[in-house]
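Numbering (numbering that gives the first Met the number 0) for the sequence shown: 0 to 270.
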Amino acid sequence: MGPLQYCIGYLRVLFSLGLYGWLAFLVAVALGIGASEDYGPIRKSLNPIYNTLVAADMPPNLPWLFIAASFVVIALVRLVHRHVMWEATLPRLEFSAVKTAPGPLETETVTGGVSMTVSEHIVLVFIEVSNKPRSRVGGKAAEDAWVTALFENEKTNQIREVRYCRWEGNPKPRKDYFMTEKQPRYQTEWNVRTLPPNGMPHRIDFCIFKGNGAIFGFSGPAQEVEGWAAPDLKLWPDVPIKVTISIQAANLQPNASHSFRLMAGKDFAVL
Numbered sequence: 000m001g002p003l004q005y006c007i008g009y010l011r012v013l014f015s016l017g018l019y020g021w022l023a024f025l026v027a028v029a030l031g032i033g034a035s036e037d038y039g040p041i042r043k044s045l046n047p048i049y050n051t052l053v054a055a056d057m058p059p060n061l062p063w064l065f066i067a068a069s070f071v072v073i074a075l076v077r078l079v080h081r082h083v084m085w086e087a088t089l090p091r092l093e094f095s096a097v098k099t100a101p102g103p104l105e106t107e108t109v110t111g112g113v114s115m116t117v118s119e120h121i122v123l124v125f126i127e128v129s130n131k132p133r134s135r136v137g138g139k140a141a142e143d144a145w146v147t148a149l150f151e152n153e154k155t156n157q158i159r160e161v162r163y164c165r166w167e168g169n170p171k172p173r174k175d176y177f178m179t180e181k182q183p184r185y186q187t188e189w190n191v192r193t194l195p196p197n198g199m200p201h202r203i204d205f206c207i208f209k210g211n212g213a214i215f216g217f218s219g220p221a222q223e224v225e226g227w228a229a230p231d232l233k234l235w236p237d238v239p240i241k242v243t244i245s246i247q248a249a250n251l252q253p254n255a256s257h258s259f260r261l262m263a264g265k266d267f268a269v270l
């Protein structure tokens, strides 16, 4: 929004007081005119206090600025009210505790024209997020939300970043697309999700724990990799790892983030 557009919008809000606002202003003017007729006695009683506070006498006549100030005060109150209500309808994301979902993983590979199905036991590590604006009336959705997970080795300070963690329930590549040349196998639009303002939880899969004790960061595109274990997203076993989940959306400012610690070795644990 340019400066001119902003000024025009500001004036439009400033002067659009509405029926009750203008009635209040007219009442303020009427009271101000009535007070001007009795200003002499009022000035006589209040002038000593006024003089003590500001070291000057009250003006001999009631300034019309006092009446105009009523309009300014009403307009400012309305501006603040609009801003507060606008803020109350913005997306506000809340995170759940970290959870796990164990289960089998079957992937299909093609070698020499022969299709083979590989089955293994994995544990998906996930967190849920809900959009709960302070005001449900007129609440706004977090549109095209996408997720980044930042993993930090607390011993060596090494960093792994997983962009586009998987929204559970979004489409994923078909089994027969693994290890083939079919393109595209994973669609870019599957990385995002719109979170409506209804408080419904949405699951984010950000980490995968393998049966052999290996742990990997997990993203939507990692579903293209055999066993969902992307080599560049492999994490560190038997050390505390700080995890920061960050969600960005088209109308979310600032980004929503949540941090916690985990460790994986023979078992997986949230610290």
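For each residue, glycine too, the CB sits at the ideal point set by N, CA and C. Just so it is clear, the structure is predicted and the values come from calculations on it, not from any experiment.
Where Pro40 and Asn46 are concerned, what is the direct C-alpha to C-alpha distance, given to the nearest angstrom?
10 Å
Write down every uninterrupted run of the beta strand (DSSP E) in the segment 130-196 whose length is 3 residues or greater and which is fully enclosed by it, in chain order.
141-152, 158-162 and 192-194
State the DSSP-derived secondary structure class of Asp204, mapped to helix, strand or coil.
strand
If you run the structure through DSSP and keep just helix, strand and coil, what is Lys209?
strand
Let's test the definition: count the other Cβ atoms within 10 Å of the Cβ of Asp175 and tell me whether it reaches 16, buried, or not, exposed.
Confidence at Asp175 is low in this model, with a pLDDT of 49, below 50, so its placement is unreliable and the value that follows should be read with caution. Asp175 comes out exposed.
Residue nearest to Ala228 in terms of C-alpha spacing, selected from Leu270, Asn250, Val161 and Lys265
Val161
Can you tell me where the beta strand (DSSP E) holding Glu93 begins and where it ends?
Leu92 to Phe94
Using the Cα positions of Met178 and Arg260, report the straight-line distance between them to the nearest angstrom.
Unreliable placement is indicated for Met178, whose pLDDT of 47 sits below 50; no coordinate value is reported for it.
Out of Thr187, Leu251, Tyr185 and Arg202, state which residue places its alpha-carbon closest to the alpha-carbon of Trp166.
Arg202
Per DSSP, what kind of secondary structure is Ser44 in: helix, strand or coil?
helix
Can you check DSSP and say which residues form a bridge with Gly102?
Ile121
At the level of alpha carbons, what is the spacing between Phe125 and Leu149?
14 Å
Between the Cα of Ala248 and the Cα atoms of Asp266, Thr155 and Arg91, which residue gives the shortest distance?
Arg91
From the DSSP output, read off the bridge partner residues of Met199.
None; Met199 has no bridge partner.
Roughly how many angstroms lie between the CA atoms of Leu234 and Thr88, to the nearest whole one?
39 Å
Please classify Ile246: is it buried, with 16 or more other beta-carbons within 10 angstroms of its beta-carbon, or exposed?
buried
Contact check, Val146 vs Cys164 under 8 Å by CB: the rounded distance?
4 Å
Excluding the five sequence neighbours on either side, which residues of its own chain have a C-beta within less than 8 Å of the C-beta of Ile48, listed in chain order?
none
Can the beta-carbon of Ala141 be found less than 7 Å from the beta-carbon of Leu251?
yes
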